[in-house]
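Going by full-length UniProt numbering, the first residue of the sequence shown is number 3, and it counts up by one from there. Note that CB positions come from ideal geometry on N, CA and C, so glycine has one too.
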Amino acid sequence: TEETLVLVKPDGVARGLTGAILHRIEAKGYALVDIKLVEPDRDLLEQHYAEHAGKPFYEPLLDFMLSGPSVAIRLAGNRVIEGFRSLAGTTDPTTAAPGTIRGDFGRDWGLKVQQNLVHGSDSPESAARELQIWF
Ligand code: GTP
Ligand code: MG
Numbered sequence: 003t004e005e006t007l008v009l010v011k012p013d014g015v016a017r018g019l020t021g022a023i024l025h026r027i028e029a030k031g032y033a034l035v036d037i038k039l040v041e042p043d044r045d046l047l048e049q050h051y052a053e054h055a056g057k058p059f060y061e062p063l064l065d066f067m068l069s070g071p072s073v074a075i076r077l078a079g080n081r082v083i084e085g086f087r088s089l090a091g092t093t094d095p096t097t098a099a100p101g102t103i104r105g106d107f108g109r110d111w112g113l114k115v116q117q118n119l120v121h122g123s124d125s126p127e128s129a130a131r132e133l134q135i136w137f
């Protein structure tokens, strides 16, 4: 089996969508191995988003992720990394497919960062690295 890091980001928590998002994950059949509410500090987020350092959306992204708690989930199942990213939909919520978390619950709020409700690791290497950072 495989594990991934899923985050319900601050917009998802603030909008009261944690339950709806967890419902989709559970209905798909993945296993919740661990789950907690986290108020990350800047140091944790710099580690998590190291690949985006220097990009125009980097500082707004960190500010957004510091704006409130996230729910961190250790999720398990065969091919869960690609499976959760399929559930989440593409990065831009405006055009993410209906039926996905981002497509059904997300939109463009006119902000400098795309508030897109969830994060999911994008490879086994990322998953191992990110799970160590958050858990
Ligand atoms: P994650 O699952 O959160 O990692 O999303 P992703 O893999 O679909 O996106 P990526 O890792 O490329 O970017 C991380 C986060 O930065 C995204 O989820 C967005 O919140 C934000 N972001 C990424 N690309 C852009 C962009 O082009 N413009 C803006 N404004 N924000 C972006
Ligand atoms: Mg990513």
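Report the residue from the options whose alpha carbon sits nearest the alpha carbon of residue i.
i: residue 37; options: 46, 21 and 29; result: 21
i: residue 90; options: 69, 108, 114 and 46; result: 108
i: residue 1; options: 116, 101, 110 and 136; result: What the structure shows of the chain is the stretch from 3 to 137, and residue 1 is not part of that stretch, so it cannot be assessed.
i: residue 29; options: 85, 48 and 18; result: 85
i: residue 32; options: 49, 81 and 44; result: 81
i: residue 35; options: 41, 69, 26 and 78; result: 78
i: residue 88; options: 25, 51, 126 and 105; result: 105
i: residue 99; options: 118, 113 and 112; result: 118
i: residue 131; options: 51, 57, 39 and 110; result: 51
i: residue 223; options: 92, 75 and 128; result: No statement about residue 223 is possible, as the shown extent of the chain runs from 3 to 137 and does not include it.
i: residue 128; options: 26, 49, 25 and 43; result: 49
i: residue 11; options: 43, 68 and 125; result: 68
For ligand 1, is there any heavy atom lying closer than 7 Å to the beta carbon of residue i?
i: residue 122; result: yes
i: residue 49; result: no
i: residue 107; result: no
i: residue 63; result: yes
i: residue 96; result: no
i: residue 3; result: no
i: residue 115; result: yes
i: residue 118; result: yes
So, are the CB atoms of residue i and residue j less than 8 Å apart?
i: residue 122; j: residue 8; result: yes
i: residue 115; j: residue 62; result: yes
i: residue 103; j: residue 46; result: no
Would a check of beta-carbon distances place residue i closer than 8 Å to chain C?
i: residue 32; result: Any reference to chain C falls outside this structure, which holds one protein chain only.
Checklist line | Start-end ranges of the beta strand (DSSP E) lying completely within the region 16-52, minimum 3 residues | finding: 33-40, all fully within the region 16-52.
Notebook entry, point to check: Residue ranges of each beta strand (DSSP E) run of no fewer than 3 residues wholly in the region 63-106, ordered along the chain?
Noted result: 72-79, all fully within the region 63-106.
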